[in-house]
Each structure stands twice: as structure tokens, then as C-alpha cells.
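**Q** This structure is in C-alpha cells; I'll ask about it shortly.
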Amino acid sequence: MFNFSFENTTKIHFGEDKIAAISKEIPANAKVLLVYGGGSIKSNGVYDQVVEALKDHTFVEFSGIEPNPNYNTLIKALPVIKGNDIDYILAVGGGSVVDGVKFIAAAAFFEGDEPWDILSKQAPINKALPIGVVLTLPATGSESNIGSVVTKDGNKLAFMHPFVRPKFAVLDPKVTLSLSERQVSNGVVDAFVHTIEQYLTYPVNGKVQDRFAEGLLLTLIEEGEKVLQPEFNKDLEVRANIMWAATMALNGLIGTGVPQDWTTHMLGHELTAEFNIDHARTLSIVLPAVMKVCKADKHAKLVQYAERVWNITTGSDEQKIEQAIAKTEAFFVAMKVPTRLSDVDVDASKVDTLVNRLEAHGMTQLGEHQKVTLDVSREIYHLAL
Ligand code: NZQ
Ligand code: ZN
């Protein structure tokens, strides 16, 4: 395995009715900006629980962060922060709200003229406001990682910085009961692909990382298929396992000391930016094609994945790989997400646009060996048609 330094400082409060914990986590004298999205928290009781927990704090609200958070919305928070001397931000929502808050927290201290440079030029971040999270959608892992993805004028870009890692996150599986079936599926699939992007590369004898990753994949398959069945749909143990798996899939742990890929995500981001397809649904379309096109480079790990995750133990390596890819697609179908571009009405005439976007964003050498050039990406999009 590679050398590494590992740190994850986010304190997690996990379990039913844990939202009250935020009152002790946020300093008593803090001036808090409570940030949320389109209002789901108002109808499922989360807002009321947060307001109750903040009753002894001074806070103002900023809402309206949309899925795939938009820069033009986020920068409207900056005068609110300045005007109210805000010194702590509480994000209440899914990955979009948390990512949006990470950008706002860094932009509040940005010294240049154009905070978009944080994403487009990876401009340095010297300071950020502290962030707390009440997570309402298990999927991205954003609640305890250092990444954020923001969109501006059709450009969906990411930045990473340790200063924006949340100080704490509350994970109450009960608050996920109000999610639509589509959002629950999306979350399971996103977490599954996060695990795959850090696992399905080449072996470096990282036994702990591999077995943690395989445990997460097995959990997400088992609980993901269960949660869509009526008898388990409201089961809080199923919800809890999905929630914790999604956090663990992208909190840095399984990715330390091992190669990572992220091709599927980068190709997926262009699909969201161009066609507004839900993040997870871009991944379920792109991943099977990545597995097929990059089969040779991923050979050893694909065999391991077939054997340990899908229990395919007979046949040649090639047959095991074929079956594992078929099983992955069948899992996505069971999760009711698309597996082909044709499922979302994207045809071959759009591939050039997508490849041009990758080029414009510098995504010309993706993958664990930087061998996914624009030509390889084109092949992947074509195979996904
Ligand atoms: O805005 P509200 O009204 O809250 O509604 C949201 C939104 O419409 C709704 N929702 C959330 N919790 C709910 C709920 N509805 C009912 N009950 C609840 N408990 O769900 C919708 C989708 O929310 P969103 O936050 O967009 O979903 P998700 O958590 O999947 O986040 C997706 C974003 O995260 C980025 C994606 O690119 C995308 O922009 N990612 C962030 C990553 C990171 N920071 O590490 C990694 C990921 O790979 C991903 O790229
Ligand atoms: Zn993702």
C-alpha cells in the first residue's frame, strides 16, 4: 500500500433524535447562519427540531440552495454573512446544501475579486468559517469530507480544502424517511460508486481498505435492494445502515493508501451540467461502460470484485469479470436508476459536446493510471449509449 497521512476531524452524532446535539456543538456566543435548500426540512419536522436546538443561539437563515448548487445562488449568502457578523454556518440538507455551505464558508474570506476562482483556478483558501451539518440525505459523504461541487454557467467543478471539513455532523436515520424513492435510490448508488472509484483500480495489497470497501459494497447492495421493498421501506435499521455506509464511503478512510479512479464521476458531472441528470443517475450510466473499456487495467481488481462482492467463484477470469459487470448493471436496474444514455434520451450526436466539455475542464488524463484520455472518454460515452 502507499504511504499516507490520515485525518478526519468531523465529530459524528449518529442516531434517532440526535439533532438536539447541535446546541452544544455550536459555541454559545456564535452568530449562526442556518442554511437549507428548497424547503423539505419545513415539511418533515427537521426545521422545527433545528430551531428548537438553536433557541439559545443567535441565528439568521439563508435558504433556496438548489440540487447541484449554483454559484449565483450561493454568492447571495455573502452579504448576509457580512451584514450579520456571522461566524458559524449550519448546513441542514443533502449534499447540495453541504457543498454549497462549504463554498460559502471559503468565499466569505476570499481575497480576490471573483470567488468562482476557488473552483475554476483552484485559488488558495487561507481561511473559512466553521461548518456544522444536519444531514438529511445519505449519499455524498460531504458531511465529513473536504470536497465541494458547485455549478456556474453549466460548468460543474469541484474544490477540496481541509478548512471546509465540517466540525460536526448529525446523522439521524429517521429524517431520511421523508425522502422520495428516487432520492433514496440515488443515495445508495452514489455511495456505491464512491466506494468503487476507490476500490476498482489495481492491487496494492491494501487489505484493510479492500475489505472495508467490500463490506460497504455488500451493505449497500443488501440494504439498497431492501429499502425499495414495501416491508422494509420505513425500517430504521435499514436506513441507519445506508446512512452510515454512505458516510464511510467518502470520508477518506477507504481511499487512503490506495490508488483512486474518479473517471465515472468526472464523466458524470458533464452529463449533469449539460442535461441536468441527477448526479447518481449519471454514475449508473457511466460506470458499467468504464468497467468494460478499462477492463484490462482493472483486471485483477475486477476478478477480486467478482469473487468477493458477487460471490462468482467458477469460470475463467474473463467470465467472472463479465458476470460481475452484468451483476452491477442488474443491481442498478433493481435500484431503478438508468444504465444507458438512451434511458435518459441522450444520443450519439451529444458525445462530442460532452468530450469538448471534458477538454475545457482539463479532464484529459483521468483514471488511476491517467490513461483515460479524451479518446478513451469518447469510447466510454459511446459504449454507454
Ligand atoms: O432542497 P430540499 O428541499 O431540501 O430537497 C432536496 C433536494 O430536492 C431533497 N431532500 C434532501 N433531504 C430530504 C429531501 N427531501 C425529503 N426529505 C429529506 N430528508 O432531495 C433533493 C436532492 O438533494 P441533494 O442535496 O441535491 O442530493 P445529494 O445529497 O445527492 O447531493 C448531490 C450533490 O452533491 C454532489 C453532487 O455532484 C451534487 O451536486 N456531490 C458531492 C460530493 C462531495 N462533496 O464529496 C461527492 C459526490 O460525488 C457528489 O459529486
Ligand atoms: Zn458522487
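Sequential numbering of the sequence shown, starting at 338, is according to the numbering used here.
The C-beta atom is built at its ideal place from N, Cα and C for all residues, glycine as well.
Leaving out five residues on either side along the sequence, give the residues of the same chain with a beta carbon under 7 Å from the beta carbon of LYS563.
**A** In the sequence shown, counting from the first residue as 1, residue 563 sits at position 226. If we look at LYS563 and ignore the five residues flanking it on each side, its Cβ neighbours are PHE569 and VAL575.
**Q** Given a cut-off of 8 Å, decide if ALA610 and LYS458 are closer than it, judged by their beta-carbon atoms.
**A** Counted from its first residue, the sequence shown places residue 458 at position 121. Counted from its first residue, the sequence shown places residue 610 at position 273. No, the pair does not count as a contact, with Cβ atoms beyond the cut-off.
**Q** From the DSSP output, which residues share a beta bridge with ALA667?
**A** Here residue 667 refers to the residue found at position 330 when the sequence shown is read from its first residue. According to DSSP, ALA667 bridges with nothing at all.
**Q** Taking buried to mean at least 16 other C-beta atoms within 10 Å of its own C-beta, is MET580 buried or exposed?
**A** For the purposes of this step, residue 580 is taken as the residue at position 243 of the sequence shown. Looking at its Cβ environment, which holds 16 or more other Cβ atoms inside 10 Å, MET580 is buried.
**Q** Specify, as a first and last residue, the run of the beta strand (DSSP E) that HIS350 falls within.
**A** Along the sequence shown, read from residue 1 onward, the residue named residue 350 stands at position 13. It spans 348–351 - the beta strand (DSSP E) in which HIS350 sits, taken as one unbroken run.
**Q** Are the CB atoms of LYS504 and LYS348 within a distance shorter than 8 Å?
**A** The residue given as residue 348 occupies position 11 in the sequence shown. The residue given as residue 504 occupies position 167 in the sequence shown. A contact, by the Cβ cut-off of 8 Å.
**Q** State whether the region 629–647 contacts the region 537–546, with contact taken as three or more CB pairs (one from each stretch) at a distance under 8 Å.
**A** As far as the Cβ criterion goes, the region 629–647 touches the region 537–546, which means the pair count is three or higher.
**Q** Taking 7 Å as the cut-off, is the CB of ALA586 close to at least one heavy atom of the ligand NZQ?
**A** On the sequence shown, position 249 is the one that residue 586 refers to. Every heavy atom of the ligand NZQ is 7 Å or more from the Cβ of ALA586, so no.
**Q** On the three-pair Cβ rule with 8 Å, is the region 472–485 touching the region 511–531?
**A** They touch, by the three-pair rule.
**Q** Along the chain, where does the beta strand (DSSP E) that runs through GLU518 open and close?
**A** Counting from one through the sequence shown, the residue named residue 518 turns up at place 181. Premise fails: GLU518 lies in the alpha helix (DSSP H), 518–536, not in any beta strand (DSSP E).
**Q** Consult DSSP for VAL683 and reduce its assignment to one of helix, strand or coil.
**A** Taking the first residue of the sequence shown as position 1, residue 683 is located at position 346. In this structure, VAL683 counts as coil in the three-state DSSP scheme.
**Q** With C-beta atoms as the reference, is ASN482 less than 8 Å away from LEU587?
**A** Locating residue 482 in the sequence shown gives position 145, counting from the first residue. Locating residue 587 in the sequence shown gives position 250, counting from the first residue. Taking 8 Å as the Cβ cut-off, ASN482 and LEU587 qualify as a contacting pair.
**Q** Assuming PHE612 is part of the alpha helix (DSSP H), what are its boundary residues?
**A** For this step, residue 612 is matched to residue 275 along the sequence shown. Residues 600–612.
**Q** Under 8 Å by Cβ, that's how I've got ALA428 and ILE462 pegged, so tell me the actual separation to the nearest angstrom.
**A** Position 91 of the sequence shown, counted from the first residue, corresponds to residue 428. Position 125 of the sequence shown, counted from the first residue, corresponds to residue 462. Not really, about 17 Å apart at Cβ, beyond 8 Å.
**Q** List the endpoints of the continuous beta strand (DSSP E) containing ALA428.
**A** Sequence index remark: in the sequence shown, residue 428 carries index 91 (1-based). Here the beta strand (DSSP E) through ALA428 covers 425–430.
**Q** Counting pairs of Cβ atoms below 8 Å between the region 416–423 and the region 392–402, do you hit three or more?
**A** Cβ pair count under 8 Å is three or more, so yes.
**Q** If PHE351 and LEU516 are in contact, beta carbons under 8 Å, what's the gap, nearest whole angstrom?
**A** Numbered from its first residue, the sequence shown carries residue 351 at position 14. Numbered from its first residue, the sequence shown carries residue 516 at position 179. That pair is no contact at about 17 Å.
**Q** In whole angstroms, give me the CA-to-CA distance for ALA495 and ALA685.
**A** On the sequence shown, position 158 is the one that residue 495 refers to. On the sequence shown, position 348 is the one that residue 685 refers to. Using only the alpha carbons, I get a separation of about 27 Å.
**Q** Suppose the cutoff is 6 Å on Cβ atoms and the five residues either side in sequence are ignored; what does the same chain contact list for PRO404 look like?
**A** The sequence position of residue 404 within the sequence shown is 67, counting from 1. Excluding residues within five positions, the ones whose Cβ falls inside 6 Å are SER433.
**Q** Is it right to say VAL670 is buried, meaning 16 or more other beta carbons lie within 10 angstroms of its own, or is it exposed?
**A** As a first step, residue 670 is located in the sequence shown; it is residue number 333 there, counting from the start. Flag for VAL670 reads exposed.
**Q** Please return the same chain residues whose Cβ sits closer than 7 Å to the Cβ of LEU706, not counting the five positions on each side in sequence.
**A** If you number the sequence shown from 1, residue 706 lands on position 369. Here the sequence assigns His to residue 706, which means Leu is not the residue at that position. Within the same chain, HIS706 has close Cβ partners ASP634.
**Q** For THR733, verify whether its CB is less than 7 Å away from any heavy atom of the ligand NZQ.
**A** Not covered by the structure: residue 733. The range shown for the chain is 338 to 722.
**Q** Out of PHE668, VAL681, ARG645 and GLN597, state which residue places its alpha-carbon closest to the alpha-carbon of HIS616.
**A** One-based indexing of the sequence shown puts residue 616 at position 279. With distances taken between Cα atoms, HIS616 lies closest to VAL681.
**Q** For the beta strand (DSSP E) containing GLU398, list its first residue and its last residue.
**A** Translated into positions along the sequence shown, residue 398 becomes position 61. Counting along the chain, the beta strand (DSSP E) containing GLU398 begins and ends at 395–399.
**Q** Between which residues of its own chain and ALA414 is the CB-CB distance below 6 Å, once the five residues before and five after are set aside?
**A** In the sequence shown, residue 414 corresponds to position 77, counting from 1. Cβ within range, chain order: PHE399 and ILE441.
**Q** Identify the residues that DSSP records as bridge partners of TYR373: which are they?
**A** Sequence index remark: in the sequence shown, residue 373 carries index 36 (1-based). Bridge partners of TYR373: VAL429.
**Q** Count the other CB atoms within 10 Å of the CB of ARG548; is the residue buried (16 or more) or exposed (fewer)?
**A** Taking the first residue of the sequence shown as 1, we reach residue 548 at position 211. ARG548 comes out exposed.
**Q** Relative to the ligand ZN, is the shortest distance from any of its heavy atoms to the C-beta of HIS531 smaller than 7 Å?
**A** Position 194 of the sequence shown, counted from the start, is the residue given in the question as residue 531. Checking every heavy atom of the ligand ZN against the Cβ of HIS531, one is found closer than 7 Å.
**Q** When you compare only the Cα positions, how much space is there between LEU456 and LYS489?
**A** Here the question's residue 456 lines up with position 119 in the sequence shown. Here the question's residue 489 lines up with position 152 in the sequence shown. Between LEU456 and LYS489, the C-alpha separation is close to 10 Å.
**Q** Near GLY437, which residues of its chain fall below 6 Å by C-beta distance, leaving aside the five closest residues on each side in sequence?
**A** Along the sequence shown, one-based indexing puts residue 437 at 100. Excluding residues within five positions, the ones whose Cβ falls inside 6 Å are ILE402, PRO406 and LEU411.
**Q** Do you know whose CA, among GLU551, SER679, LEU555 and VAL417, lies nearest LEU720's CA?
**A** The residue given as residue 720 occupies position 383 in the sequence shown. The option with the nearest alpha carbon to LEU720 is SER679.
**Q** Sort ARG694, ARG618 and ALA626 by Cα distance to MET672 and report the nearest one.
**A** In the sequence shown, residue 672 corresponds to position 335, counting from 1. The shortest C-alpha separation from MET672 is found at ARG618.
**Q** Look at ILE622 and TYR536 and say whether their C-beta atoms are less than 8 Å apart.
**A** In the sequence shown, the residue the question calls residue 622 occupies position 285. In the sequence shown, the residue the question calls residue 536 occupies position 199. No, the pair does not count as a contact, with Cβ atoms beyond the cut-off.
**Q** Could you check whether the Cβ of LEU553 sits closer than 7 Å to any heavy atom belonging to the ligand NZQ?
**A** Locating residue 553 in the sequence shown gives position 216, counting from the first residue. No, since every heavy atom of the ligand NZQ falls outside the 7 Å radius drawn around the Cβ of LEU553.
**Q** Using only alpha-carbon positions, find the residue among ASP385, LEU371, VAL387 and ASP712 that is nearest to ILE418.
**A** Within the sequence shown, numbered from 1, the residue matching residue 418 stands at position 81. For the residues ASP385, LEU371, VAL387 and ASP712, the minimum Cα distance to ILE418 belongs to LEU371.
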